[in-house]
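Protein chains in written order, with our numbering: chain A, 14 to 598; chain B, 14 to 598.
Each residue gets a CB set at the ideal place from its N, CA and C atoms; glycine is no exception.
Some notes on the structure that comes next.
There are 2 protein chains.
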Amino acid sequence: MAKVSRSYIMMCMLFSILLILGHSVEAGKVRHFKWDVEYIFWSPDCEENVVMGINGQFPGPTIRATAGDTVVIELTNKLHTEGVVIHWHGIRQLGTPWADGTASISQCAINPGETFYYRFKLDKAGTYFYHGHYGMQRSAGLYGSLIVDVAKGEKEPFHYDGELNLLLSDWWHESVHHQEVGLSSNPMRWIGEPQSLLMNGRGQYNCSIAGAHYGNSSSTKCSLRGGEQCAPKILHVLPNKIYRLRIASTTALASLNLAIGNHKLVVVEADGNYVQPFAVDDLDIYSGESYSVLITTNQDPSNNYWVSVGVRGREPKTPQGLTLLNYNTNSPSKLPTSPPPVTPIWNDYAHSKSFTTKILALMGSPQPPKTFHRRITLLNTQNKMNGGYTKWAINNVSLTLPPTPYLGSIKYGLKNAFSLVNPPENFPNEYNVMKPPVNPNTTAGNGVYTLAINSTVDVVLQNANALSENVSEIHPWHLHGHDFWVLGYGDGKFDPTRDERKFNLKNPPLRNTAVIFPYGWTALRFVADNPGVWAFHCHIEPHLHMGMGVVFAEGVRHVNNIPNQALACGLTGKMFTTRAANHTN
Amino acid sequence: MAKVSRSYIMMCMLFSILLILGHSVEAGKVRHFKWDVEYIFWSPDCEENVVMGINGQFPGPTIRATAGDTVVIELTNKLHTEGVVIHWHGIRQLGTPWADGTASISQCAINPGETFYYRFKLDKAGTYFYHGHYGMQRSAGLYGSLIVDVAKGEKEPFHYDGELNLLLSDWWHESVHHQEVGLSSNPMRWIGEPQSLLMNGRGQYNCSIAGAHYGNSSSTKCSLRGGEQCAPKILHVLPNKIYRLRIASTTALASLNLAIGNHKLVVVEADGNYVQPFAVDDLDIYSGESYSVLITTNQDPSNNYWVSVGVRGREPKTPQGLTLLNYNTNSPSKLPTSPPPVTPIWNDYAHSKSFTTKILALMGSPQPPKTFHRRITLLNTQNKMNGGYTKWAINNVSLTLPPTPYLGSIKYGLKNAFSLVNPPENFPNEYNVMKPPVNPNTTAGNGVYTLAINSTVDVVLQNANALSENVSEIHPWHLHGHDFWVLGYGDGKFDPTRDERKFNLKNPPLRNTAVIFPYGWTALRFVADNPGVWAFHCHIEPHLHMGMGVVFAEGVRHVNNIPNQALACGLTGKMFTTRAANHTN
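Here it is in structure tokens:
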């Protein structure tokens with residue numbers, strides 16, 4: 014020991030310090046956020062209402078961080094009687110499945126007055142958002158943007174001079190409590206179409222910022238000075254620059270289309286993954302999706318231009334959401350010379366499909382395994398239950414979430430927390446997806462699809478006719494904990510021998526949300542490489558409320574360090590208290 | 014052994030059977046109830062709304078049992094995101110303080126999807142009720158009647174031929190979630206006066222069952238067939254009989270006055286305790302109180318008579334609640350010849366005091382100890398907090414309940430669950446109760462008054478001027494876990510030397526709720542002989558929400574058998590999970 018030279022020790026120390034520094038650069042920063050969730054009075058669309066806000070704001074604060082950063086959100090529930098959780102939509106939660114923020118799946122809802130620490134790593138740059146995932150609290154206004162920049166020293170595969178952000182949502186005047194009762198009643202009372210569309214939480218009800226300016230509308234012009242909660246957030250730009258416009262949709266129901274007058278949209282990112290750039294005049298975006306588009310401000314700088322958002326896929330009864338692209342050469346209050354872009358007609362599905370199938374992975378993106386280990390076919394149907402309740406079901410099982418989070422009940426091997434019967438992998442061959450169900454009855458269930466760890470899973474989402482003749486709806490399905498490759502879309506019933514050959518295995522886009530078109534199917538592939546329990550569900554919030562989802566579990570035995578607080582309810586809570594009591598008494 | 018004769022064995026067996034039978038008679042029956050709490054669409058006042066119901070009913074089912082019975086309520090929370098508890102108002106919960114149903118005090122709120130078993134003994138006959146005790150869920154409609162008959166073989170100290178029951182409440186069209194946000198906002202938004210008064214959950218908004226029949230009203234007559242949810246529950250009687258009319262008030266706000274045209278009301282019971290019978294034309298009833306009155310149907314049997322309920326103590330903006338006393342000699346639809354009894358003018362406090370001071374214990378009732386061990390004087394003030402929030406405070410502390418139930422945190426000696434500083438026993442001598450507070454600022458607190466077990470405690474409730482000049486409100490204070498003797502009422506500031514001499518120690522009424530009149534005081538005495546933690550608070554729900562309450566703890570070390578589920582939240586929940594983890598890892 015005595016022989017070890019002083020310089021050797023110094024060298025060792027220096028090396029250690031470098032190692033630590035190196036590690037800290039690699040690991041990214043830790044970013045702390047302290048959030049209180051509470052109801053606030055707010056006027057999202059110029060009509061005052063009660064909104065679920067964070068730190069007194071609606072929408073919640075934008076999280077901006079760098080790939081590799083760890084974020085810690087110290088979330089305090091300041092609601093009076095409601096639990097709360099927040100889901101970090103698009104973040105895979107590698108190694109932290111308990112931080113996924115899905116009540117009944119990854120954790121117990123946080124009790125009023127209590128604080129929960131979400132701690133997770135942002136592994137990948139991209140445009141994300143966060144939202145409530147308990148009851149219909151997303152619809153109540155619990156959401157915000159989450160934007161992850163590329164790690165230091167890395168570059169995006171495209172250039173831009175500036176950045177703009179639009180978080181899209183839809184808004185009802187009736188409280189979500191009221192909506193939930195209606196959906197759960199017999200007969201079901203549908204929530205109807207939203208009163209307004211919001212861009213960054215701002216919309217205008219019963220008036221329009223375009224007014225009757227273009228002669229073809231009877232709308233009253235809103236009298237807004239710009240400081241109101243419902244005043245549109247204007248997108249300020251300089252001429253002859255390239256802007257990256259980030260767009261995410263956290264709508265409860267509406268499928269949307271966005272267009273900017275006179276400006277092409279060059280799509281470069283979808284759900285946090287780079288795509289082969291392509292230009293469009295308008296962009297379809299479904300609930301749960303996000304995009305980045307590049308726009309070049311190469312139009313007449315003496316004009317401003319409309320940014321318009323309208324409803325697709327359902328007969329729209331909601332006015333367009335509007336804001337302005339303001340060239341800084343003009344006053345922001347100068348109205349564009351032309352009226353807002355017209356949203357393509359709601360049922361022009363050819364237009365939607367044309368857009369969706371243009372989305373392909375950027376060259377160099379991860380490619381899917383060429384084969385799969387297991388294929389799960391999920392038939393989406395609308396059904397009746399217990400003598401009249403309206404439900405959505407998957408392979409004739411309508412998901413009813415249990416009070417004990419799956420992550421805990423699977424980890425601890427509890428036998429009575431949920432149905433241990435495996436849910437069906439397919440549906441009867443004779444089912445006619447073009448017609449209403451012959452037997453519309455369904456049953457509630459909460460079974461789990463257990464996936465072999467690291468196996469490749471194909472999911473074919475099969476759409477069908479709803480309860481009424483000639484009705485088939487759009488459903489955007491969102492997978493937690495993973496991105497999947499979208500191998501293909503098709504019309505009618507999926508036929509493996511015919512359709513599998515057409516799968517795109519070369520450059521399918523990686524996404525976390527994919528739509529099924531009316532009467533169509535969508536084929537996905539993912540690798541079950543993220544130990545945890547993960548929701549896979551229609552992102553339309555009332556549809557999920559009515560049972561439209563399934564649960565995947567993979568490698569739960571590898572999950573460690575679940576905070577006990579995340580499991581202090583239901584049967585895991587009981588397990589803890591019983592164990593504690595046995596050791597105390 | 015072989016020498017024991019057969020007849021001796023038979024005798025022993027018979028004796029044992031008799032013993033078991035005898036015990037079972039003495040112990041009373043065990044009555045099971047299986048309840049689901051959920052929101053339902055309901056029209057309490059002919060306007061449809063979302064109401065918190067039990068088993069699809071509003072109000073919840075009436076519990077009818079016999080003194081000595083044990084009730085077991087298997088309560089399942091079918092709400093989507095809200096916790097729930099139920100308080101059994103007037104039941105002392107001897108030996109079962111964990112079943113008192115007060116969130117943050119006796120238990121954790123029951124999580125959505127979970128079931129909690131309330132199991133407690135009905136130790137005393139009387140007219141009681143139950144209601145939610147979390148947030149403002151009582152106001153949302155979570156309540157019902159709880160009627161306990163005298164034990165078999167025992168007799169009431171009065172005779173009657175039949176029985177009628179009226180559970181009184183007030184109803185708002187705005188949701189309690191909205192109301193709560195308003196109360197918690199800065200500036201505070203007051204909930205306003207109720208839209209309607211309900212009798213057994215039935216009222217009429219925007220119409221009257223009396224209509225313009227008597228010429229002095231412009232009300233529209235309600236067109237009701239009788240089957241509607243809002244159709245009044247008519248009180249059917251036979252002529253020349255004596256009826257016991259049970260009346261309880263679970264209003265959120267309104268102090269009420271009840272009268273029956275042409276009929277005297279003979280008061281015989283208050284809050285489950287017999288009182289010296291006295292006759293009145295009308296009866297004041299504050300939130301949290303219950304009465305039994307005897308009525309003799311000795312009026313013209315060819316007529317029906319109005320039962321009317323109106324608002325006292327606040328300038329009424331709510332129409333009278335009405336139903337009919339129907340002599341079975343008539344059609345129930347026959348309107349009385351005279352208009353409904355007029356409610357005494359709202360601020361005729363002399364009338365109220367005259368009624369209240371008539372209430373005296375029936376001879377033979379338990380008498381109070383002649384001396385007390387400790388006197389706690391509680392000044393009730395309206396205050397401002399944190400730069401503008403409006404609060405109510407007691408000795409300048411505004412109660413903010415902690416997330417961990419006191420019963421658990423005290424039992425397990427947790428140090429950080431609530432403030433360990435003793436709350437003040439009195440208020441500054443120079444405080445002028447006739448004027449608004451000189452310094453209106455208050456602070457939030459959650460300290461506990463720890464009472465020596467079996468000690469006699471006097472509480473003097475001292476009213477004062479609110480924030481505005483010349484305003485002092487009525488507050489009905491309700492004590493959990495005990496009845497107290499009401500020793501006296503007085504005007505102005507309580508002066509021990511002057512006022513103590515006037516205490517009624519001979520036949521003060523035993524009650525669980527007592528009112529303080531504007532600018533007045535009320536003196537109570539009780540024996541702290543029920544191990545547990547007990548809320549003592551203004552029964553006006555928005556006042557409690559704004560901090561108007563205190564917490565008493567007594568002999569918690571003697572409390573055993575708290576179900577772990579009751580403590581599976583907050584720091585007790587954490588304690589259990591940590592202990593369990595320590596023993597597992």
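Item: Buried or exposed (CB count within 10 angstroms, at least 16 for buried), L180 of chain A; Value: buried
Item: Same chain, Cβ closer than 6 Å to G421 of chain B, five either side skipped, listed in chain order; Value: L580, T585
Item: Three CB pairs or more closer than 8 Å across the segment 45-54 of chain B and the segment 182-200 of chain B; Value: no
Item: Of the residues B:D504, B:T510, B:W547, the one placed nearest W490 of chain B, counting alpha carbons only; Value: B:W547
Item: Local conformation of M398 of chain A per DSSP, three classes; Value: strand
Item: C-beta atoms of T538 of chain A and L500 of chain A nearer than 8 Å; Value: It should be pointed out that residue 538 of chain A corresponds to Arg in this sequence rather than to Thr. In this structure, L500 of chain A lies closer than 8 Å to R538 of chain A by Cβ.
Item: Residues of the segment 185-202 of chain B whose Cβ lies closer than 7 Å to any Cβ of chain A, in chain order; Value: S188, H190, H191, E193, V194, S198
Item: Anticipated Cβ contact below 8 Å, S188 of chain A with V64 of chain A, distance rounded; Value: 10 Å between Cβ atoms; not a contact.
Item: Residue burial classification, G426 of chain B (beta-carbon count within 10 angstroms, cutoff 16); Value: exposed
Item: Contact set between N577 of chain A and chain E, taken where Cβ atoms lie within less than 9 Å; Value: The structure shown contains no chain E; the protein chains it does contain are A and B.
Item: Identity of the residues DSSP links to F565 of chain B by a beta bridge; Value: B:Y462, B:W547
Item: Test: T109 of chain B CB closer than 8 Å to a CB of chain A; Value: no
Item: Close Cβ partners of P12 of chain A (< 6 Å) along its chain, the five nearest in sequence each way excluded; Value: This structure gives no information on residue 12 of chain A, because the portion of chain A shown stretches from 14 to 598.
Item: V293 of chain A beta carbon less than 8 Å from that of L391 of chain A; Value: no
Item: Residue burial classification, N445 of chain A (beta-carbon count within 10 angstroms, cutoff 16); Value: exposed
Item: Proximal residues to C25 of chain B (C-beta, below 7 Å), its chain only, five neighbours per side dropped; Value: Reliability fails at C25 of chain B, whose pLDDT of 49 lies under 50, so the model's placement of it is uncertain and no value is given.
Item: Integer Cβ distance of V161 of chain B from E169 of chain B, believed to fall under 8 Å; Value: That belief does not hold up - the Cβ atoms of V161 of chain B and E169 of chain B are roughly 12 Å apart, past 8 Å.
Item: Three-state secondary structure (DSSP) of A579 of chain A; Value: helix
Item: Proximity test, Cβ basis, 8 Å: A548 of chain A and chain B; Value: no
Item: Opening and closing residue of the beta strand (DSSP E) in which L296 of chain B lies; Value: 295-298
Item: Three-state secondary structure assigned by DSSP to P509 of chain B; Value: helix
Item: Beta-carbon spacing of H552 of chain B, S152 of chain B below 8 Å; Value: no
Item: CA nearest to the CA of T384 of chain B, picked from B:Y532, B:C59, B:R132, B:E513; Value: B:E513
Item: Chain B contact for Q120 of chain A (CB, 8 Å cutoff); Value: no
Item: CA-to-CA distance, K330 of chain B to P207 of chain B, given in whole angstroms; Value: 8 Å
Item: N595 of chain B (DSSP reduced to helix, strand or coil); Value: helix
Item: Where N124 of chain B meets chain A, residues with beta-carbon distance less than 9 Å; Value: G96, C121, A122, N124, P416, C582, G583, G586
Item: A283 of chain B: first and last residue of the uninterrupted beta strand (DSSP E) it sits in; Value: 278-283
Item: Spatially closest choice to A138 of chain A from A:Y287, A:E193, A:K587, A:L269, by CA coordinates; Value: A:Y287
Item: For A406 of chain A, three-class secondary structure by DSSP; Value: strand
Item: Test: H144 of chain B CB closer than 8 Å to a CB of chain A; Value: no
Item: Own chain, CB closer than 6 Å to P555 of chain B, minus 5 neighbours either side, in chain order; Value: L196, I204
Item: Length of the line joining the Cα atoms of R592 of chain A and T417 of chain A; Value: 17 Å
Item: D111 of chain B vs Y141 of chain B beta-carbon contact at 8 Å; Value: Rather than Asp, the amino acid found at residue 111 of chain B in this sequence is Trp. No; because the gap between Cβ atoms is not below 8 Å, this pair is not in contact.
Item: Closer than 8 Å at the beta carbon, the chain A residues around E127 of chain B; Value: P416, C582, G583
Item: CB-CB length for V98 of chain B against G114 of chain B, believed under 8 Å; Value: 5 Å
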